[in-house]
Amino acid sequence: MNYKPVQILSIGMAVPKKVVTNDDLTKILDTSDEWISTRTGIKQRHIADGDENSTLFGIEAAKDALQKAGVSGEEVDAIVVASSNPYNIYPSTGCAIQEAIGAKNAIAFDITAACTGMLYALEIGRSFVATGKYKNVLLVATDTNTKFLDWTDRTSCVLFGDGAGAILITEAKDGVDDIIALNVNADGTMGRHIQMNLVGDNCPLVEPATSGQQKITMNGKEVYKFVMHTMPESIMKCLEDAGLEPKDIDYLVPHQANLRIIEGLQSRLEFNDEKVIVNIDKYGNTSAASVPIALSEAIASGKIKTPSKAILCAFGAGMAWGSAVVRLREGLK
Ligand SMILES: CC(C)(COP(=O)(O)OP(=O)(O)OC[C@H]1O[C@@H](n2cnc3c(N)ncnc32)[C@H](O)[C@@H]1OP(=O)(O)O)[C@@H](O)C(=O)NCCC(=O)NCCS
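This is the structure we're talking about:
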């Protein structure tokens, strides 16, 4: 089969307006700005307010990506949404976005790969384009973890924020593939370390269920240990697949979960600060949206210059993780 190469057309993002600082959190938790900043790098996070939800931010990010690419909703052939806390299970967030952007010719569906969702969506999207059946594929990652946090658990609730990112890809007419290498992985044996159950009520004719908690629970230390050996391996494997070395890469755009994890990856790659995209201080961990938000913001601010090559990497519940080496074409918005 003659696989079609992929062009990255644009990156979009959206975050809630409401900002909650570390100092704000001290009103409801036994914590401090000093603890949160030094252990995680987070200073504040954007949080869904009132009726705001992940569908709404997904729509905004999708519109941002379409507008930057000059592509209309009707020209979109497929919408893949990564979300671990969608506003609705059904209709899917994909279908809600399809309606909102007028993508009447697109198929639309959701996937869940937690914080690695955008890399999984990219794997699906590039395969769609590769077959030649779908041309313009809109990938959206949207999460509002703050609605599902246990706000009495200071070890987890300080870490997350809300937001959405979108990446629009299409068939590369010039034959140059922007996805130079991409690997996603999963290890379900580690699943217990980050969990969120959907809890429903049993039929009244049977015993009520006793287990399950519709709140995020996390063993931060285990996650940290797991990530510190899997993520560097994943990145190195991706570079090897790409036939490149760290020195050939211009930027690292990592999942924004903990600044200490990012610094570990930075030192492994021997990158200076200019090459590492960090916005965890402003947004916290926005799950699947984290990488596209970081990418979108860094391109818009000029921190990422094009043309260039970047490593994208993410990890999270599953455990699932992945890395990609991508080409950012000149003028990419
Ligand atoms: C969660 C994480 C920041 C905790 O950092 P840590 O250095 O391992 O901290 P510990 O859990 O050892 O806690 C150290 C102390 O700080 C306390 N502490 C925990 N959270 C606190 C907070 N928000 N404010 C103040 N103190 C806090 C603990 O109770 C503990 O106190 P103790 O020593 O008296 O028992 C860190 O483990 C981490 O980032 N892990 C990865 C998580 C992650 O990336 N998850 C998302 C994946 S997508």
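Just so you know, the sequence shown maps onto residues 162 to 494 in the working numbering.
Quick reminder that beta carbons are idealized off the backbone N, C-alpha and C, glycines included.
Quick caveat, the model's predicted, so the values are computed rather than measured.
Item	Value
Hey, could you find the ends of the beta strand (DSSP E) residue 498 is sitting in?	Missing from the structure shown is residue 498; the chain here goes from 162 to 494 and no further.
If you follow the beta strand (DSSP E) that residue 173 is part of, which residue opens it and which one closes it?	167–175
Using a Cβ-Cβ distance under 7 Å, would residue 352 count as near chain C?	Protein chain content of the structure displayed is limited to a single chain, and chain C is not contained in it.
Please confirm whether any heavy atom of ligand 1 lies closer than 6 Å to the CB of residue 477.	yes
Measure from the alpha carbon of residue 443 to the alpha carbon of each residue in 172, 205, 195, then state which is nearest.	205
Expressed to the nearest angstrom, what Euclidean distance is found between the alpha-carbon atoms of residue 253 and residue 305?	15 Å
Which of helix, strand or coil does DSSP assign to residue 435?	helix
Go through the region 230–265 residue by residue and report every complete run of the alpha helix (DSSP H) that reaches 4 residues or more, in order.	254–262
For residue 285, name the three-state secondary structure that DSSP assigns.	helix
Which of the three DSSP states is assigned to residue 407 in this structure?	helix
When we look at the beta-carbon of residue 396 and count the other beta-carbons within 10 Å, is it buried (16 or more) or exposed?	buried
Once you ignore the five residues that flank residue 468 on each side, which residues in its own chain have a CB closer than 6 Å to its CB?	490, 491
Between the alpha carbons of residue 455 and residue 374, how many angstroms are there, rounded?	31 Å
Using three-state DSSP, classify residue 430 as helix, strand or coil.	helix
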